[in-house]
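A.B. asks: Just passing along the structure, written as C-alpha cells.
Chains as they are written, first to last, in our numbering: chain A, 1 to 221; chain B, 1 to 194.
Written as C-alpha cells, this is what we have:
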C-alpha cells in the first residue's frame with residue numbers, strides 16, 4: 001500500500017519509519033492453510049467451544065456445590081452437637097435416692113456419720129440405721145445426739161418438716177439431718193416473755209450494789 | 001470457477017462466501033491475508049508460534065462469524081480488527097502470567113536494548129541484529145502506541161484505515177503514532193549515533 005504523508009511529524013520521524021519499513025516480512029508457515037482447513041473440518045474451534053460451554057448449568061454448578069457442602073456440613077456438625085453434652089446448658093441429673101448410705105463424697109457426710117461396725121452389722125444399719133443427729137438448741141448450741149435417723153423414708157419433704165417443727169415447737173430446736181439444705185436464719189426469733197421475779201431479783205442485786213457503794217435510795221430519786 | 005474468484009476483490013469474495021457459503025472464496029481470502037496478518041501479529045507480540053496460533057484463530061473467527069461483516073466496511077480493516085483484538089487479549093494473558101512468574105524475560109530484553117556497550121558498532125551494522133534490536137525496541141513501546149505504529153509504518157495503512165481498525169478518532173491515531181515513534185526513537189538512539 002502506498003503511504004501518504006499527512007503532516008510535518010511524519011517527516012520528523014522519517015528515519016524511524018524507514019527503519020520499520022525495512023524490517024523483513026514475516027510469513028505464515030507453509031502448512032498454515034492445511035492446519036486451518038483441518039481445524040475447520042474437524043470443527044476444532046478452540047476458544048469458540050469454551051464460549052459455548054457457558055450455559056445456565058455451568059453458572060449454577062458452583063452454587064450447587066456450595067449449597068450441597070453447606071447441607072453436609074450442617075448435618076455433620078448437628079450430629080456432633082447431639083452427642084456432646086454441654087454441662088453448662090443441660091440440666092443436672094436427678095438422683096434416684098437420697099439415702100445416706102448412698103451419699104458418698106458429699107458434704108452431707110458432715111452431718112450423717114454412719115457407724116461402720118463391720119460387715120455383719122451393715123445390714124442392720126441399713127434396716128434401722130443409728131445415726132448421730134445434729135441438734136441446735138435454744139441457746140444456739142449445736143450438739144450431736146445419738147438417735148434414729150429422723151427421716152426413715154427415702155423421699156422426704158424437708159420444707160414441710162421444718163415448717164411443722166417451727167410452728168409446733170415454737171422454734172425450740174431445729175433438726176438438721178439427712179438433707180443438703182442447711183436451715184438458714186431468716187429473721188429475729190420472737191422474744192421469750194421475761195419473768196417478773198427474775199427482774200425483781202436483778203433489781204435487788206442492783207440496790208445491794210448501790211448500798212455497798214454508799215448511795216442512798218432517796219438521792220437516786 | 002476458482003480463477004474467477006481470484007479476480008474478485010476482498011469485499012466481493014466475502015460477499016460470495018456469505019451468500020453462497022463458497023469455501024473457495026474463504027480460502028482465497030485466507031491466502032491473501034495470512035502473511036500480512038502474521039507479520040502484524042508477530043511485530044506486535046514478538047513470538048512466531050503464538051502469532052501463528054492467533055492468525056489461525058482470526059481465520060476461524062472469520063469463518064464462524066462471516067455474517068457479522070457488513071459490506072460498508074473494508075474487509076481488510078475488519079480482519080485486522082479481529083487479529084488486533086486477539087493479539088491484545090494474548091498480551092493481557094501474558095501479563096497475568098508474568099505477574100506470577102519468577103523469570104521475567106522482559107527485563108532481559110530491556111538490558112539488551114538499552115545497554116550501549118552490548119552491541120559493538122560493526123555488529124550493529126549487521127542487518128539481522130539490527131532488525132532484532134528494532135523488534136525488541138518495538139516490543140518495549142506501549143501496546144496502544146505499538147499497534148498504531150505497526151499498522152502505519154510496517155503494514156502501511158492510512159490514518160483513516162487505522163482509525164477504522166482501532167475504532168479510534170483520527171486525531172487520537174495521529175497522536176498515538178507520534179508518541180509511539182518518539183518512544184521508539186529514544187530506545188534506538190544508540191543505533192543512530194553509530
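Glycine included, C-beta positions come from ideal geometry on N, C-alpha and C.
Step through the CB atoms of chain A and report whether any lies within less than 8 Å of the CB of residue 80 (chain B).
C.D. replies: no
A.B. asks: Any Cβ of chain D within less than 8 Å of the Cβ of residue 63 (chain A)?
C.D. replies: Absent from the structure is chain D; the protein chains it does hold are A and B.
A.B. asks: Take every Cβ of the stretch 57-74 of chain A, pair it with every Cβ of the stretch 74-92 of chain B, and state whether three or more of those distances are shorter than 8 Å.
C.D. replies: no
A.B. asks: I'd like to check one pair, residue 23 (chain B) with residue 5 (chain B): are the Cβ atoms closer than 8 Å?
C.D. replies: no
A.B. asks: Kindly indicate which residue of B:8, B:36, B:7 has the alpha-carbon position closest to the one of residue 156 (chain B).
C.D. replies: Minimum Cα distance to residue 156 (chain B) is reached at B:36.
A.B. asks: Chain A beta carbons: is any one of them nearer than 8 Å to that of residue 52 (chain B)?
C.D. replies: yes
A.B. asks: Taking its Cβ as the centre, do 16 or more other Cβ atoms sit within 10 Å of residue 71 (chain A), making it buried, or is it exposed?
C.D. replies: By the Cβ-count criterion, residue 71 (chain A) is exposed, with fewer than 16 other Cβ atoms from all chains shown falling within 10 Å of its own Cβ.
A.B. asks: Kindly list, in the order they appear in chain A, the residues whose Cβ is closer than 9 Å to that of residue 164 (chain B).
C.D. replies: Under the 9 Å cutoff, chain A gives no residues; its nearest Cβ is about 14 Å from residue 164 (chain B).
A.B. asks: Let me confirm a value: residue 198 (chain B) is counted as buried when at least 16 other C-beta atoms fall within 10 Å, else exposed. Which label applies?
C.D. replies: No statement about residue 198 (chain B) is possible, as the shown extent of chain B runs from 1 to 194 and does not include it.
A.B. asks: Can you determine whether any heavy atom of the ligand SAM sits closer than 7 Å to the C-beta of residue 69 (chain B), and answer yes or no?
C.D. replies: As presented, the structure is devoid of all ligands, the ligand SAM included, so that no description of it is given.
A.B. asks: Which two residues bound the contiguous alpha helix (DSSP H) that contains residue 131 (chain B)?
C.D. replies: 127-140
A.B. asks: For a quick check, are the C-beta atoms of residue 161 (chain B) and residue 77 (chain B) less than 8 Å apart?
C.D. replies: yes
A.B. asks: Relative to the C-alpha of residue 22 (chain A), which residue among B:136, B:146, B:137, B:130 is closest?
C.D. replies: B:130
A.B. asks: What is the DSSP secondary structure of residue 164 (chain A), counted as helix, strand or coil?
C.D. replies: helix
A.B. asks: List, in chain order, every chain A residue whose beta-carbon is nearer than 7 Å to that of residue 9 (chain B).
C.D. replies: Identification of chain A residues near residue 9 (chain B) by a Cβ-Cβ cut-off of 7 Å yields none; the smallest Cβ-Cβ distance measures about 14 Å.
A.B. asks: Short of 7 Å in beta carbon distance, which residues of its chain neighbour residue 159 (chain B), apart from the five on each side in sequence? Order them along the chain.
C.D. replies: Correct list, in chain order: 170, 173, 174.
A.B. asks: So, residue 83 (chain B) versus residue 60 (chain B), is the Cβ gap smaller than 8 Å?
C.D. replies: no
A.B. asks: Could you check whether the Cβ of residue 67 (chain B) sits closer than 8 Å to any Cβ belonging to chain A?
C.D. replies: Closer than 8 Å: no.
A.B. asks: I'd like to know whether the C-beta of residue 85 (chain B) is nearer than 8 Å to at least one C-beta of chain A.
C.D. replies: no
A.B. asks: If residue 58 (chain B) sits next to residue 27 (chain A), beta carbons under 8 Å apart, how far is it from one beta carbon to the other, in whole angstroms?
C.D. replies: Between residue 27 (chain A) and residue 58 (chain B) the Cβ distance is about 15 Å, and since that is not below 8 Å, they are no contact.
A.B. asks: Once you ignore the five residues that flank residue 52 (chain B) on each side, which residues in its own chain have a CB closer than 7 Å to its CB?
C.D. replies: 38
A.B. asks: Within 8 Å of any Cβ in chain A, is that where the Cβ of residue 38 (chain B) sits?
C.D. replies: For residue 38 (chain B), the nearest beta carbon of chain A is closer than 8 Å to its own beta carbon.
A.B. asks: Since residue 33 (chain A) contacts residue 31 (chain B) with CB under 8 Å, what's their CB separation in whole angstroms?
C.D. replies: About 7 Å separates the two Cβ atoms, so the contact holds.
A.B. asks: Can you list the alpha helix (DSSP H) stretches of 4 or more residues lying completely in the stretch 6-81 of chain A, in chain order?
C.D. replies: 8-12, 14-22, 32-41, 47-52
A.B. asks: Can a CB atom of chain B be found closer than 8 Å to the CB of residue 27 (chain A)?
C.D. replies: yes
A.B. asks: Taking the alpha carbon of residue 10 (chain A) as the point to measure from, which residue in B:189, B:177, B:49, B:168 has its own alpha carbon closest?
C.D. replies: Just measuring C-alpha positions, the residue of B:189, B:177, B:49, B:168 sitting nearest residue 10 (chain A) is B:177.
A.B. asks: For residue 142 (chain B), which of B:63, B:96, B:91, B:48 has the nearest alpha-carbon?
C.D. replies: B:91
A.B. asks: Would residue 42 (chain A) pass as an interface residue toward chain B - the criterion being a Cβ-Cβ separation below 8 Å?
C.D. replies: Not closer than 8 Å to any Cβ of chain B, the Cβ of residue 42 (chain A) fails to qualify, so no.
A.B. asks: Using only the alpha-carbon positions, how far apart do residue 168 (chain B) and residue 21 (chain B) sit?
C.D. replies: 32 Å
A.B. asks: Give the residues of chain A in contact with residue 131 (chain B), contact being defined as C-beta atoms less than 7 Å apart.
C.D. replies: 23, 24
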